[in-house]
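Residues in the sequence shown are numbered from 29 upward in steps of one, following the working numbering.
A virtual CB, placed ideally from N, CA and C, is assigned to each residue, including glycine.
Computed from a prediction, not measured in an experiment: that's the story for all the values here.
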Amino acid sequence: MLTREEVALGYGYILGREPESEEVIALHQKSYDSIGKFRKALLNSPEFISAGYSNRKLLQMFYEDFTFFVDPGEPDFGRAISDVNYRYEAHNLRLLREILRPGDTYVDVGANIGILSLAARTVVGERGRVICFEPMADNAALLVRSIIANDFNNIVVYPVALSDAVRTLYLEGHSNGMLISNGRPERKITTAVGDTYLAKEDRVDFLKMDIEGHEPFAFRGLKNTIRKHKPMILCEFNPSMLKLTSKSDPSAYADQIFSMTNEVQAIDYNGQMTSVSDTASLLALCEVKNRYFVEQGLILDGILHMDLLFKAGRGEGRLTNILPKFGSARARRHRA
């Protein structure tokens with residue numbers, strides 16, 4: 029973890045200014061475990077690039093049935109994705125192919141450069157629909173370019189950030205952008221309410237959400253959509269980001285999740301699915317998984333995040349019945 033002074037010095041030497049706030053300093057301290065990684069991130073930041081010191085070329089990648097564009101110099105995950113030996117969220121790609129059906133509507137909140145959205149489109153087909161929300165301009169531009177390359181005419185991209193109300197927030201970071209309350213004026217955005225955009229949709233079958241800690245707010249702005257359509261939901265549970273970016277209590281967010289469902293499948297980095305049915309069990313599982321992955325040297329202590337898969341609507345039935353392949357072979361029960 030970086031010190032406050034290291035973050036401030038990095039801003040001063042590379043960007044020629046001070047950090048916007050203590051909140052931004054804390055985010056960088058938590059995000060990087062070495063000065064070298066932090067320095068590379070600053071050198072690849074939109075602010076540094078806009079000054080004309082960098083010139084990048086995009087890379088076109090190919091998965092089985094779709095293609096997409098990535099910036100190999102982007103520090104969050106662009107470099108990792110551009111490695112031909114790296115498979116982006118392979119377990120979640122499998123989940124989409126297992127759950128989605130032709131004609132479904134897939135909604136992606138925090139679409140990033142759109143790998144999961146493009147994969148979803150290959151399943152839902154021409155009769156289906158894919159709706160993306162992505163506020164980071166560079167990400168949205170790459171996604172649109174990929175849509176054109178695949179000749180997909182039923183993917184809609186809204187370049188907005190979803191919340192529980194129309195409010196002013198600030199983007200921070202690179203491709204894995206996050207929303208914070210105080211930032212640079214040039215990165216100020218106005219959020220939107222998801223229900224407003226989805227009110228006229230005839231169906232919403234699958235909702236994916238990964239927005240770096242702002243999930244509690246976006247879910248509140250989608251309550252009517254979720255109540256009406258009862259979609260399958262795949263969302264991130266990231267305690268450190270919840271506390272850092274939106275000042276949200278992870279246990280309160282877990283309570284919010286379990287107000288929508290009876291059962292959650294918690295998915296770790298290896299794709300292992302564990303069935304949990306209450307907040308205490310989920311938090312206990314996170315502690316166990318955090319300790320395991322720290323001991324394996326895979327993550328820093330306290331930055332574990334998991335994906336949560338569930339069917340909206342309490343009493344809608346167990347996920348192991350909806351996902352027979354994953355349920356019987358991969359899922360197990362966990363109690364606090």
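Linking Phe247 to Leu86 through their CA atoms gives a straight-line distance of about 33 angstroms.
Annotation note: the region 252 to 297 contains the following uninterrupted alpha helix (DSSP H) runs of length 4 or greater, listed N- to C-terminal: 267 to 273, 278 to 286. Runs of the alpha helix (DSSP H) lying entirely within the region 104 to 191 and spanning at least 4 residues, in chain order: 106 to 109, 118 to 127, 143 to 152, 165 to 178. In this structure the region 168 to 181 lies against the region 89 to 103, because at least three pairs of beta carbons, one per stretch, are closer than 8 angstroms.
With respect to Phe338, Thr289 sits close: the two C-beta atoms are nearer than 9 angstroms. Judged by DSSP secondary structure, Gln88 falls within the beta strand (DSSP E) whose first and last residues are 87 to 90. Only residues of its own chain outside the window of five on either side were considered, and among them Gly38, Ile42 have a CB closer than 8 angstroms to the CB of Arg67, listed in chain order.
Annotation: the continuous beta strand (DSSP E) that includes Asp335 extends over 334 to 339. Taking C-beta atoms as the reference points, Met164 and Asn140 count as a pair closer than 9 angstroms. Contact between Leu128 and Ala148 holds, with the beta-carbon distance rounding to 6 angstroms and staying under 8 angstroms. In this structure Asp335 is buried. Its beta-carbon is surrounded by 16 or more other beta-carbon atoms within 10 angstroms. Taking all protein chains shown into account, Gln293 has 16 or more neighbouring C-beta atoms within 10 Å of its C-beta and is therefore buried.
If you compare the alpha carbons of Leu311, Glu291, Lys236 with that of Leu121, the shortest gap goes to Lys236. Here Asn318 is buried, its C-beta having at least 16 other C-beta atoms within 10 Å.
The continuous alpha helix (DSSP H) containing Val35 extends over residues 32 to 38.
Looking at the DSSP output, Tyr320 shares a beta bridge with no other residue.
Of the candidates Val135, Glu154, His119, His119 places its Cα closest to the Cα of Tyr297.
According to the DSSP assignment, Lys68 belongs to no beta strand (DSSP E) but to the alpha helix (DSSP H) extending over 63 to 71.
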